[in-house]
Ligand SMILES: Nc1ncnc2c1ncn2[C@@H]1O[C@H](COP(=O)(O)OP(=O)(O)OP(=O)(O)O)[C@@H](O)[C@H]1O
Ligand SMILES: [Mg+2]
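Residue numbers (this note's numbering), protein chains in the order written: chain A, 1 to 264; chain B, 265 to 515.
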């Protein structure tokens, strides 16, 4: 019943490609269902416009160039904010994982500051950094920073002691210790942190644009709501969802490439 | 030339939870000796080796090794799984080359040579999760050999291997040792293995471990790891050590 080895390998590959297909198909199926529900008037088009009319609104916005401008600034804020938070977050996480003293100083501060909703401090951030791009970038960076610090230090701490002993016994020190032992050992947890914090970053950038911006996807959504252009609001929401989707899929593929040593 | 003799003087190890693993252990291993350590499970053999390797501090007593305590002349083969899962087999072996400052081509040659020795040349590019337990153990042996360090600390290095591979590695180890005269401390549960390999066998008591006896192995070198087993004197020595172990368990 097992068949040949080739058959088994083919079967495993088929299962994997089916899994990928499902990942692509599930959002499409949801959209189709939605379209049908509006057409047969199960859903109220005033609150839930059909995907086809949302697409029409998107095409309109794209033609005027408004959409691309909003998409561009939001992505820019997202990416800059992510790196501005991730780099120091990973560095602090490494130091916390390495030194119990750094850990003793930093972990109570993180425990206290991490749960503060970043949006609640947005007024303060605007006071300090102004109404421009910088205040959004800083908001995103703060959110990303804590998550990356927490995940990196947890990743370093869960590296099996035996590997630290091996490093010590063979004189693996300094930069090679970080490059060959700490970083790869903490990488699975670090990448999980990157996935979580990119999601949070997206939420933060849109929320900050709601409250204090004249451009960006968050502004597009807010403006659509205030001017009762519900389709425009949906255009913004759907694009945010698509960004989230692409980022997650992209990171999962990146994970596969970055961790070839994990048994799957 | 460094003096690679190792001296352990009245070393006691008490862990934080109150377990006393070693009790006043003293031994002196001259440079170039192949010493085996036998003793019941949990008697502190690994603890003793970790103290020698500088991975653990003795609670009291004194340890003297060459090289002002930096211990970059000692290579350790750990008892448990110890190769890095995120490195290919080749990279794992190359960990032993740290501090040797070899150029790329030389490093590659050393790694290939050692992989050949433990029979893993065709797995050079594999990741550890693709290996069996015994193959992983052979990688860590190759890593220790690659380091060319003059003191080998081996903690049950062949325990996970089949008899044929084990005998093959015994003769390789002896061949290397006879050529380089490294100082070796070899922990094992195999009485025959210790008689085949060692100059001197230390028998430890049950926990807290002490040195119960020290047996000289008189067989001439170079030894033939298979033919030696047919020697009547070999059988007598095995029986003698067996008796000592039984005493040590009761002590
Ligand atoms: N870090 C530790 N903390 C507390 N107790 C420990 C620790 N390490 C070892 N021990 C205890 O010390 C004793 C000796 O352990 P050790 O690992 O040295 O034994 P061993 O002789 O190598 O045994 P085996 O032959 O089974 O490998 C054991 O009772 C063990 O429970
Ligand atoms: Mg042990």
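We put the CB at the ideal spot given by N, CA and C, even for glycine.
Next item on the list: Could you list which residues in chain A have their beta carbon closer than 9 Å to that of residue 340 of chain B, in chain order?
Entry: By 1-based counting over the second chain, the position of residue 340 of chain B is 76. Within chain A, the residues near residue 340 of chain B are 165, 166, 169, 170.
Next item on the list: Using 10 angstroms around the beta-carbon of residue 45 of chain A, count the other beta-carbons present and answer buried if the total reaches 16, otherwise exposed.
Entry: Residue 45 of chain A sits at position 45 when you count from the first residue of the first chain. Residue 45 of chain A is exposed by the Cβ-count criterion.
Check: What span of residues does the beta strand (DSSP E) with residue 351 of chain B cover, start to end?
Finding: To locate residue 351 of chain B, count along the second chain from 1; it is residue 87. From DSSP, residue 351 of chain B is part of no beta strand (DSSP E); its letter is neither H nor E.
Next item on the list: Starting from the beta carbon of residue 359 of chain B, find every residue of chain A whose beta carbon is closer than 9 Å, and list them in chain order.
Entry: Here residue 359 of chain B refers to the residue found at position 95 when the second chain is read from its first residue. Within 9 Å Cβ-Cβ: 166, 167, 170, 172, 180.
Check: Under three-state DSSP, which class holds residue 501 of chain B?
Finding: Looking up residue 501 of chain B in the second chain gives position 237. In this structure, residue 501 of chain B counts as helix in the three-state DSSP scheme.
Item checked: DSSP-derived helix/strand/coil call for residue 412 of chain B -> Here the question's residue 412 of chain B lines up with position 148 in the second chain. Looking at residue 412 of chain B - three-state DSSP - the assignment turns out to be coil, as it is neither helix nor strand.
Check: Closest Cβ-Cβ distance between residue 162 of chain A and chain B: below 8 Å?
Finding: Along the first chain, read from residue 1 onward, the residue named residue 162 of chain A stands at position 162. Yes, because at least one Cβ of chain B sits closer than 8 Å to the Cβ of residue 162 of chain A.
Item checked: Separation of residue 152 of chain A from residue 470 of chain B, as counted between CA atoms -> If you number the second chain from 1, residue 470 of chain B lands on position 206. If you number the first chain from 1, residue 152 of chain A lands on position 152. Per the coordinates, the alpha-carbon of residue 470 of chain B lies some 42 Å from the alpha-carbon of residue 152 of chain A.
Check: When you compare only the Cα positions, how much space is there between residue 299 of chain B and residue 194 of chain A?
Finding: Here the question's residue 299 of chain B lines up with position 35 in the second chain. Here the question's residue 194 of chain A lines up with position 194 in the first chain. C-alpha separation (whole angstroms): 51 Å.
Margin query: If we define contact as Cβ-Cβ less than 8 Å, is residue 189 of chain A a contact residue for chain B?
Written below: On the first chain, position 189 is the one that residue 189 of chain A refers to. No, because no Cβ of chain B sits closer than 8 Å to the Cβ of residue 189 of chain A.
Notebook entry, point to check: Shorter than 8 Å from the beta carbon of residue 363 of chain B to some beta carbon of chain A?
Noted result: The residue labelled residue 363 of chain B in the question sits at position 99 within the second chain. Put simply, the CB of residue 363 of chain B is near chain A, with a gap under 8 Å to one of its CB atoms.
Check: Under 8 Å, do residue 341 of chain A and residue 49 of chain A count as touching if we go by C-beta distance?
Finding: Since the displayed chain A opens at 1 and closes at 264, residue 341 of chain A lies outside it and no answer follows.
Check: Is any heavy atom of ligand 2 found at a distance shorter than 7 Å from the C-beta of residue 310 of chain B?
Finding: Along the second chain, one-based indexing puts residue 310 of chain B at 46. Residue 310 of chain B: yes, Cβ under 7 Å from ligand 2.
Checklist line | Expected contact under 8 Å - CB spacing of residue 198 of chain A and residue 82 of chain A to nearest Å | finding: By 1-based counting over the first chain, the position of residue 198 of chain A is 198. By 1-based counting over the first chain, the position of residue 82 of chain A is 82. So it is a contact: roughly 6 Å between Cβ atoms.
Check: With 8 Å set as the bound, which would you pick, yes or no: does the beta-carbon of residue 325 of chain A sit closer than that to a beta-carbon of chain B?
Finding: This structure leaves residue 325 of chain A out entirely; chain A is present only between 1 and 264.
Next item on the list: Mind checking who residue 118 of chain A pairs with in its DSSP beta bridge?
Entry: By one-based count along the first chain, residue 118 of chain A stands at place 118. DSSP output for residue 118 of chain A lists no bridge partner at all.
Next item on the list: Compare the Cα-Cα distances from residue 203 of chain A to each of A/251, A/257, A/117, A/264 and report the closest residue.
Entry: Within the first chain, residue 203 of chain A is the residue found at index 203, counting from 1. The candidate whose alpha carbon is nearest that of residue 203 of chain A is A/117.
Next item on the list: Taking only the alpha-carbon atoms, compute the straight-line gap between residue 285 of chain B and residue 362 of chain B and give it to the nearest angstrom.
Entry: Here residue 285 of chain B is taken as the residue at index 21 of the second chain, counted from 1. Here residue 362 of chain B is taken as the residue at index 98 of the second chain, counted from 1. Cα to Cα, residue 285 of chain B sits roughly 32 Å from residue 362 of chain B.
Check: Using a Cβ-Cβ distance under 8 Å, would residue 185 of chain A count as near chain B?
Finding: Counting from one through the first chain, the residue named residue 185 of chain A turns up at place 185. So, interface residue.
Note to self: Using a 10 Å radius around the Cβ and a threshold of 16 neighbouring Cβ atoms, would you call residue 393 of chain B buried or exposed?
What the structure shows: Here the question's residue 393 of chain B lines up with position 129 in the second chain. By the neighbour-count rule (16 or more Cβ atoms within 10 Å), residue 393 of chain B is not buried but exposed.
Margin query: Within 10 Å of its beta-carbon, does residue 21 of chain A have 16 or more other beta-carbons around it, so buried, or fewer, so exposed?
Written below: The count along the first chain starts at 1 and reaches residue 21 of chain A at position 21. It counts as exposed.
Note to self: By the three-class DSSP mapping on this structure, what secondary structure does residue 393 of chain B have?
What the structure shows: Residue 393 of chain B sits at position 129 when you count from the first residue of the second chain. DSSP places residue 393 of chain B in helix when its eight states are reduced to three.
Margin query: Taking a contact to mean a Cβ-Cβ separation below 8 Å, would you say residue 464 of chain B touches residue 480 of chain B in this structure?
Written below: As a working note, residue 464 of chain B is residue 200 in the second chain. As a working note, residue 480 of chain B is residue 216 in the second chain. Residue 464 of chain B places its beta carbon less than 8 Å from that of residue 480 of chain B.
Check: Taking C-alpha atoms, which residue in B/310, B/297, B/349 lies nearest to residue 446 of chain B?
Finding: Within the second chain, numbered from 1, the residue matching residue 446 of chain B stands at position 182. The option with the nearest alpha carbon to residue 446 of chain B is B/297.
Note to self: I want to see whether chain B comes within less than 8 Å of residue 135 of chain A, judged by CB atoms only; does it?
What the structure shows: Mapped onto the first chain, residue 135 of chain A falls at position 135. Answer no: the Cβ-Cβ gap between residue 135 of chain A and chain B never drops below 8 Å.
Notebook entry, point to check: For residue 341 of chain B, which option in B/457, B/416, B/329 has the closest C-alpha, if you only look at C-alpha atoms?
Noted result: Within the second chain, numbered from 1, the residue matching residue 341 of chain B stands at position 77. Measuring from the Cα of residue 341 of chain B, the nearest candidate turns out to be B/416.
Next item on the list: Kindly indicate the opening and closing residues of the beta strand (DSSP E) around residue 450 of chain B.
Entry: Position 186 of the second chain, counting from 1, holds the residue named residue 450 of chain B. Residue 450 of chain B -> beta strand (DSSP E) spans 447-451.
Check: In the DSSP assignment, what are the bridge partners of residue 284 of chain B?
Finding: Here residue 284 of chain B is taken as the residue at index 20 of the second chain, counted from 1. Residue 284 of chain B pairs with B/278.
Item checked: residue 283 of chain B beta carbon near ligand 1 (any heavy atom closer than 7 Å) -> The residue labelled residue 283 of chain B in the question sits at position 19 within the second chain. At least one heavy atom of ligand 1 is nearer than 7 Å to the Cβ of residue 283 of chain B, so yes.
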